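Heads up: the sequence shown runs through residues 1192 to 1681, numbered per the working numbering.
Note that beta-carbon positions come from the ideal geometry of N, C-alpha and C, so glycine has one too.
Computed from a predicted structure; not experimentally measured.
Encoded as structure tokens, the structure appears first; notes follow it.
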Amino acid sequence: MNSFLDIFLMDFINTFMGISFLSLFFTSFVSFCIFTYKKMKNPKFFKQIDEKIEYKIVEILNFFLSSVTLFSYCVIRYFYFTKMDNVLDSLWILFGIIFANILFKMACILLKTNEKFNIIKNLFLRVIDNYVMIITITLSSSIIASQIPIVDISKFFGSSVSRFSLINLPFFLSSLFIVTSCISLICCHFYEKTEQEVKTNINEIFKVIFPLFVMVFVTVFYPLSYNLFMVISVGILSKYIAEKVSTYLNKRKINNKKSITVLSFLSPTSNIFFSSLIDLSIMVVLIFTCLNSTGFFGVTVASLGLISSTVLTSNVNIFDKQSEAYKYIAKTLVNVALFYIFFETLEFIYKTQIHINIFSNNVIIGLFTSIVLIMFNILKTINLAKYIQMSAKRTYIAVRTMIYIIMFVVCFYYLLPFINYELLGALVLGLILMTAFISILVINGIDVFENQDGKALHITPLLRNTILPLTNQITTIIIIVVVLLLPIIK
């Protein structure tokens, strides 16, 4: 077996990721040492946690997790994406990463921390969720590239583009976006003392210009067709539009002294639905554009464009309060593309083209089951928030949660002989649609209520940092489980 050094040096992409990993890890180590020195020099360093300390913690965490992500890309790509026979096995790695993050979030909910450190805990949760999202989208894109029929490769990308070029592209793009985003973080220090408005404008330029510059570079020096350049660029611009429009609408306040007090809730409610309508419309247009120009591979690659500056926005959005609805658009695009893998796997198993009757009993049962699962998740969220506010025993909450999980697994085991692909397909599709709608609606609702004077709720950090990411990751993990179980389902 080759050494890890050989893994890094096996080709240009791995060399780039290896050098970037070492550089970012060294940067995070130096930043951490400086931060630790300041703490040791000043014993009261953490007595008052201000925005500067929060920003520095997020910055160090971003550099460190960026290096870990690039290292994991090198290892995963070497073991799973150098041979076609091993590609689908990487779904197990994806399953493990998401499942570990779910367990981590649950542990953070149950972990009792000092009140003043809750802010730091929430920062950790948001940043870690960003990297789980980046890895999920990257691996999903490469997996889908391995499943594209030869006819579609020639149709969408031209005969000169090879399958392995498409498989390697998400790793290369994601690595470039991570590195340029980290460079943006370093550049932020050069104008740290400038006025806030100027600083905000420079950050906005970084979030758009850097990813587009990367796309021009990749298109020139990598065997990339121009329709792929188009969908990634559209993804980058869609992210910017969704972020700006949602931020404006969620912060909008309608002042009317003559309005009836009883109906005063209609103003923020209108903002929530209007903002969600715009976000869902952007998602629909993006999916339509990608499917018609690049197929399902373009859908996931466009989602890479949506999260192209996520490392930078981990810092900027947390403190500038920009909308994060684009993340849930990106997550939905990945779930839609994984749904494509579901059908590709089915057709591989049955050796025929699959047609599903949308009026069959199994499809109807599957759709309603997905609604029940989402409603159950919302109910658990409400109960969890209620128990936390009542300061209930965390052990009791953990035991209840474990009982529910065991009940779900047992029921699924006994229902497995009666499950077929029509029911599973409808279940997965229903979960994708319901999760997308609820996630975008809730994230906009959180932003609106946090911006209303005197209406910020204690539950909003829990919703933003734990419940919404968990809901989306559970949906993704169910899709992965369904794909992995297809060979044993009749």
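query: Report the three-state DSSP secondary structure of valine 1349 (helix, strand or coil).; result: Note that residue 1349 is glycine in the sequence shown here, rather than valine. Coil, per DSSP.
query: Check the C-beta distance from serine 1332 over to valine 1492 and give it rounded, since I have them as a contact under 8 Å.; result: 6 Å
query: Measure the alpha-carbon distance for threonine 1504 versus tyrosine 1541 and round it to whole angstroms.; result: 44 Å
query: Looking only at its own chain, which residues have a Cβ that is under 8 Å from the Cβ of threonine 1666, when we skip the five neighbours before and after it?; result: Asn1526, Leu1622, Ile1623 and Thr1626
query: DSSP three-state call for threonine 1485: helix, strand or coil?; result: coil
query: Would you be able to state if there are at least three C-beta pairs under 8 Å between the stretch 1292 to 1301 and the stretch 1485 to 1501?; result: no
query: Nearest-angstrom Cα distance between lysine 1168 and isoleucine 1225?; result: Residue coverage of the chain in this structure runs from 1192 to 1681, which leaves residue 1168 outside it and unanswerable.
query: Beta carbon of asparagine 1277, beta carbon of leucine 1376: below 8 Å?; result: no
query: The alpha helix (DSSP H) that contains methionine 1275, what's its start and end?; result: First-last for methionine 1275: undefined, no H or E at that position.
query: Would you call valine 1600 buried or exposed, if buried means 16 or more other Cβ atoms sit within 10 Å of its Cβ?; result: exposed
query: For the stretch 1382 to 1400 and the stretch 1345 to 1360, state whether three or more C-beta atom pairs, one from each stretch, are separated by less than 8 Å.; result: no
query: Give a yes or no on whether the C-beta atoms belonging to tyrosine 1519 and asparagine 1656 are separated by under 8 Å.; result: no
query: For glutamate 1641, which of Thr1460, Gly1616, Phe1533 and Ile1478 has the nearest alpha-carbon?; result: Thr1460
query: Look at the alpha carbon of asparagine 1313 and the alpha carbon of lysine 1230, and state the distance between them as a whole number of angstroms.; result: 21 Å
query: Would you call the stretch 1427 to 1434 and the stretch 1399 to 1411 in contact, with 3 or more CB pairs under 8 Å?; result: yes
query: By alpha-carbon positions, which one of Thr1206, Ala1521, Val1259 and Gly1489 ends up nearest to valine 1422?; result: Gly1489
query: What number of angstroms, rounded off, separates the C-alpha of glutamate 1613 from the C-alpha of proline 1361?; result: 31 Å
query: Between the C-alpha atoms of isoleucine 1669 and threonine 1385, what's the straight-line distance to the nearest angstrom?; result: 47 Å
query: With a CB to CB cut of under 8 Å and the five nearest residues on each side skipped, what residues in its chain are close to phenylalanine 1408?; result: Leu1367
query: Can you tell me the Cα-Cα spacing of valine 1673 and aspartate 1280, whole angstroms?; result: 14 Å
query: Note down the Cα distance separating isoleucine 1328 from phenylalanine 1381, rounded to an integer number of angstroms.; result: 32 Å
query: Tell me which residues share the same chain as isoleucine 1432 and place their Cβ nearer than 7 Å to its Cβ, disregarding the 5 neighbours each side in the sequence.; result: Ile1473
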